[in-house]
């Protein structure tokens, strides 16, 4: 499942902290590390396709013996990897770390304050992040906004209030915290410091579901949410297909039709992988799993 490190497992200690962010966090990690360790995407193509980890030592003397591992995970709607595979990779990594008793110190969700609305890919990433974490881990969730210098102060503040009152309300009610990232190393280090000072460790919902409850991916909250999202996307693609068939035929239209059918096939394949087998449902009903 993506990039795996045996060294990471062997060197892990009780005092280790692990931070994960199921979105693309290239700028944050590069700034934190003080150098480019992961590619930054400036176009529509995603740069992170595998889970990567980076080890840092926090400059605060209080944490000199604390080894911090920051995870960089691909966001959903990745250019090269389908959503179901991304979810599988994240689930496997977190499941293995949970079995190895690696502590999850914080989960960071980055949001660009320049985004006027929470739509499409941004909405999906937030929903998936919420289901991966769950209510019990919310106290270790940090909702971090950046790019404040690219919008007027009042506009940014209004967008932040809307995020608090609508999109982030559930996580905030469960104990999540809001921070701002100023796009410099001092700010990035301070965010990690705040997580370390929190001193709490959390078990993400998907860790508990897969390891403690022995659920398969399709049975998890994140798996069910992804299946619902795919259903909605499939409806849209089928509506588009019907509309394309009504238009006057041309080489360009034929290309659109073929691309549309390709998208439908990909979605259907993912939904099939996320379908809970009847035998599994029956075993659940009988209390055998």
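Residue numbers (the working numbering): 130 to 418.
Note that the Cβ used here is the ideal one computed from N, Cα and C, for glycine as well.
Straight-line Cα distance separating residue j from residue i
{"i": "residue 201", "j": "residue 226", "result": "15 Å"}
{"i": "residue 199", "j": "residue 370", "result": "42 Å"}
{"i": "residue 286", "j": "residue 243", "result": "11 Å"}
{"i": "residue 189", "j": "residue 209", "result": "39 Å"}
{"i": "residue 407", "j": "residue 216", "result": "22 Å"}
{"i": "residue 193", "j": "residue 326", "result": "13 Å"}
{"i": "residue 343", "j": "residue 418", "result": "7 Å"}
{"i": "residue 255", "j": "residue 386", "result": "31 Å"}
{"i": "residue 238", "j": "residue 300", "result": "11 Å"}
{"i": "residue 313", "j": "residue 235", "result": "20 Å"}
{"i": "residue 162", "j": "residue 185", "result": "7 Å"}
{"i": "residue 157", "j": "residue 413", "result": "42 Å"}
{"i": "residue 181", "j": "residue 362", "result": "29 Å"}
{"i": "residue 219", "j": "residue 329", "result": "22 Å"}
{"i": "residue 358", "j": "residue 364", "result": "10 Å"}
{"i": "residue 240", "j": "residue 372", "result": "34 Å"}
{"i": "residue 348", "j": "residue 222", "result": "17 Å"}
Range of the contiguous beta strand (DSSP E) that encloses residue i
{"i": "residue 201", "result": "196-201"}
{"i": "residue 235", "result": "233-241"}
{"i": "residue 423", "result": "A question about residue 423 goes unanswered here, because the residues of the chain that appear run from 130 up to 418."}
Assigned exposure category for residue i - 16 Cβ within 10 Å defines buried
{"i": "residue 258", "result": "buried"}
{"i": "residue 388", "result": "exposed"}
{"i": "residue 245", "result": "exposed"}
{"i": "residue 253", "result": "buried"}
{"i": "residue 305", "result": "buried"}
{"i": "residue 380", "result": "exposed"}
{"i": "residue 250", "result": "exposed"}
{"i": "residue 271", "result": "buried"}
{"i": "residue 334", "result": "buried"}
{"i": "residue 416", "result": "exposed"}
{"i": "residue 352", "result": "buried"}
Run of the alpha helix (DSSP H) containing residue i, from where it starts to where it stops
{"i": "residue 320", "result": "314-327"}
{"i": "residue 399", "result": "380-402"}
{"i": "residue 157", "result": "155-162"}
{"i": "residue 183", "result": "Run containing residue 183: none in the alpha helix (DSSP H); it sits in the beta strand (DSSP E), 181-186."}
{"i": "residue 221", "result": "212-228"}
{"i": "residue 411", "result": "407-414"}
Other residues of its chain near residue i: CB distance less than 7 Å, five sequence neighbours each side excluded
{"i": "residue 224", "result": "336, 339 and 340"}
{"i": "residue 355", "result": "212, 213, 216, 257 and 403"}
{"i": "residue 289", "result": "242 and 274"}
{"i": "residue 247", "result": "255 and 296"}
Sequence-distant residues of its chain with Cβ nearer than 8 Å to residue i (five each side left out)
{"i": "residue 366", "result": "389, 392, 393 and 396"}
{"i": "residue 143", "result": "For residue 143, the predicted model reports a pLDDT of 43, less than 50, meaning its position is unreliable and no value from the coordinates is stated."}
{"i": "residue 280", "result": "242, 243 and 288"}
{"i": "residue 165", "result": "159"}
{"i": "residue 376", "result": "382"}
Sequence-distant residues of its chain with Cβ nearer than 6 Å to residue i (five each side left out)
{"i": "residue 303", "result": "264 and 267"}
{"i": "residue 331", "result": "233, 266 and 269"}
{"i": "residue 345", "result": "none"}
Count the C-beta pairs between the stretch 258-267 and the stretch 282-295 that are closer than 8 Å, then say yes if the count reaches three, no if not.
no
Using 8 Å as the threshold, is the stretch 305-324 in touch with the stretch 390-397, meaning 3 or more CB pairs across them?
no
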